[in-house]
Amino acid sequence: MRYQLLNGMQAFRDDRPVHLGERQQRLLLALLLLAEGKPVTIEQAIDKIWGEKPISSARHVLSQYASDLRSRLGRTPKGKLVLPTHTTGYLVLAERDQVDAHRFHDLVGEARALLRQDDARAVELLRDGLRQWGGDGLRPGEPLSGLPGPGAANARTRLLEEHRAAVVECMKAELRLGRHIQVVPEIQDLVETWPLDEEATWLLMLALHRVGRSSDALAACDELRRRLRDELGSDPGVRIRDLRQRILQQDPGLEPPADSTVIDSSGANMRSAAEIGKDAARLVAEAVTGGGTAHPEEQAGVSWAEASWGRHSVQLVEMMRVRFAGDTAATSALAQVEADPVDSAALATLERVLVAHLGRDRAFLEGVERLVRRLSRAKDGSPSIVADTIKNASVYHAPVHFSGDFTIS
């Protein structure tokens with residue numbers, strides 16, 4: 001048996017829906033499932049189903065509901081009644097993984113224990129938990145939809161608050177991981193869903209700023225202020241106002257943290273996405289300044305180191321172009337550096353959007369790191385033997401003699 005509470009109220013046996021009776025009868029089952037295996041007394045059930053003014057025959061009707069559910073739900077795999085008789089009230093025998101709400105709570109609880117220690121794993125668990133709501137889980141349906149009574153209303157409110165908290169925690173962890181470009185559309189959806197929610201707008205402002213869209217971040221703040229004044233007669237809180245001021249000041253403390261890492265060829269050092277992004281952006285600017293992004297086969301009379309520098313410069317820029325496809329801000333940042341490599345503001349913007357992309361994609365991170373290392377060696381004039389160097393060289397089928405120090409990668 002499988003129970004769905006987060007998006008409606010249904011039960012399934014072997015993936016086939018089980019008819020659960022009228023609305024108040026289904027509400028009784030929902031209340032028992034949310035009690036997590038603990039008995040619900042008759043008085044509690046009556047209060048949650050009918051509120052302060054129950055019908056005179058409430059006890060009798062409640063007993064009928066329980067009897068009918070008992071016959072519909074049948075027995076557990078171990079042969080016990082799913083809804084057994086109980087001296088003080090009612091309870092349902094169900095494993096936690098049979099109930100979507102319990103799966104959601106368990107996954108979120110596991111994720112919270114990992115936040116700031118292993119954000120990548122925490123995000124996976126949070127998103128798994130949110131998917132219990134259906135789809136990607138970011139836009140929830142209505143828990144216990146269609147069920148009447150104060151018990152359903154209270155449970156609905158509590159579940160939606162728990163959902164919102166999980167979404168916010170997920171987005172915060174995504175931002176700590178440097179996945180700003182990835183989550184901007186998701187956070188924009190959240191702001192549309194919760195237009196007066198200051199925390200959602202705060203997340204959107206930070207994400208937009210980190211992908212080079214500071215003006216849009218400030219516009220989001222202005223829109224929140226307008227809505228709050230029009231609908232509540234209030235202004236944004238201190239946290240929003242502080243973030244707005246820091247964006248205006250281009251506070252470096254708002255830059256992406258260096259959470260994503262990669263191991264170099266020796267396996268000894270850990271390199272952060274921020275370090276790799278800074279080096280890669282600088283090398284692109286240096287390559288443009290020296291004409292290094294022209295294809296090396298088009299240049300005559302260049303040294304081995306110059307040819308290696310040119311080839312890897314082309315590869316680095318092309319890798320960025322492919323990665324940035326569809327990201328207007330990132331593509332524009334790269335184009336600005338290529339047009340004016342000494343423009344420090346353009347270089348800083350390229351570094352910021354590049355770090356955001358590096359934090360989202362491990363393969364891209366490692367590919368850029370390899371090219372940065374090769375470019376650094378070529379710049380120093382230290383020969384580096386790599387598979388594509390030998391394969392594409394004119395001496396591929398001739399004897400090759402090496403002397404001096406070199407690195408094989």
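The sequence shown: position 193 = 193 (full-length UniProt numbering), numbered continuously. Each residue gets a CB set at the ideal place from its N, CA and C atoms; glycine is no exception. Note that the structure is a prediction, hence the values are computed from the model and not measured.
Test item: CB-CB of residue i and residue j under 8 Å
i           : j      : result
Val183      : Ala207 : yes
Thr157      : Gly89  : no
Pro256      : Gly326 : no
Arg352      : Arg213 : no
Leu5        : Leu31  : no
Trp202      : Leu243 : yes
Leu107      : Gly129 : yes
Pro341      : Ala281 : no
Ala329      : Gln336 : no
residue 417 : Pro236 : Residue 417 is absent from the structure shown; the chain starts at 1 and stops at 409.
Gly146      : Met9   : yes
Phe181      : His357 : The sequence given here places Ile at residue 181; Phe does not occur at that position. Taking 8 Å as the Cβ cut-off, Ile181 and His357 qualify as a contacting pair.
Rounded separation between residue i and residue j - CA only
i           : j      : result
Phe12       : Val82  : 13 Å
residue 419 : Arg72  : The shown model of the chain, from 1 to 409, leaves out residue 419, and the question about it has no answer.
Tyr3        : Gln132 : 11 Å
Arg370      : Pro252 : 27 Å
Leu160      : Leu144 : 11 Å
Arg16       : Asp279 : 57 Å
Arg26       : Arg139 : 24 Å
Phe104      : Asn7   : 12 Å
Arg323      : Val168 : 27 Å
Val288      : Val355 : 20 Å
Leu69       : Gly141 : 25 Å
Ala173      : Gly134 : 21 Å
Leu28       : Tyr65  : 8 Å
Leu20       : Ala333 : 58 Å
Arg226      : Glu43  : 47 Å
Leu125      : Lys53  : 42 Å
Ala274      : His163 : 32 Å
Pro39       : Gly79  : 20 Å
Leu93       : Gln250 : 57 Å
Pro77       : Ser57  : 34 Å
Trp50       : Leu62  : 11 Å
Ala122      : Ser67  : 42 Å
Gly109      : Leu115 : 10 Å
Arg96       : Ile55  : 33 Å
Arg321      : Leu350 : 12 Å
Ser234      : Ile46  : 40 Å
Met1        : Ala155 : 22 Å
Leu365      : Gly74  : 54 Å
Asp14       : Leu316 : 53 Å
Arg59       : Pro84  : 17 Å
Leu218      : Ala111 : 32 Å
Arg229      : Glu186 : 25 Å
Leu224      : Leu91  : 46 Å
Asp222      : Gln98  : 45 Å
Start and end residues, beta strand (DSSP E) containing residue i
i           : result
residue 421 : Because residue 421 is not part of the residues shown, which for the chain are 1 to 409, the question remains open.
Arg2        : Arg2 to Gln4
CB-CB length for residue i against residue j, believed under 8 Å
i           : j      : result
Leu196      : Leu232 : 7 Å
Arg23       : Pro148 : 6 Å
Met319      : Gly367 : 6 Å
Glu36       : His102 : 7 Å
Ala120      : Leu177 : 6 Å
residue 428 : Leu375 : The shown model of the chain, from 1 to 409, leaves out residue 428, and the question about it has no answer.
Arg246      : Leu254 : 6 Å
Identity of the residues DSSP links to residue i by a beta bridge
i      : result
Leu248 : Partner(s): none; Leu248 has no beta bridge.
Ser344 : Paired residues: none, contrary to the question.
Arg241 : The partner list for Arg241 (beta bridge, DSSP) is empty, contrary to what the question assumes.
Val40  : Tyr90
Thr85  : Tyr90
Pro143 : Gly8
Residue interval of the alpha helix (DSSP H) (run including residue i)
i      : result
Ile181 : His180 to Thr193
Thr201 : Glu198 to Arg210
Arg215 : Looking at the sequence provided, one finds Ser at residue 215 rather than Arg. Unbroken alpha helix (DSSP H) run through Ser215: Ser214 to Glu231.
Pro150 : Pro150 to Arg176
His105 : Asp100 to Arg112
Gly277 : Ala273 to Thr289
Ala58  : Ala58 to Leu73
Val18  : Careful: Val18 lies outside any alpha helix (DSSP H) and carries neither H nor E.
Thr331 : Thr328 to Ala339
Leu126 : Asp119 to Leu130
Minimum Cβ-Cβ distance from residue i to chain B less than 8 Å
i      : result
Thr349 : The chain labelled as chain B is not found in the depicted structure, where only one protein chain is given.
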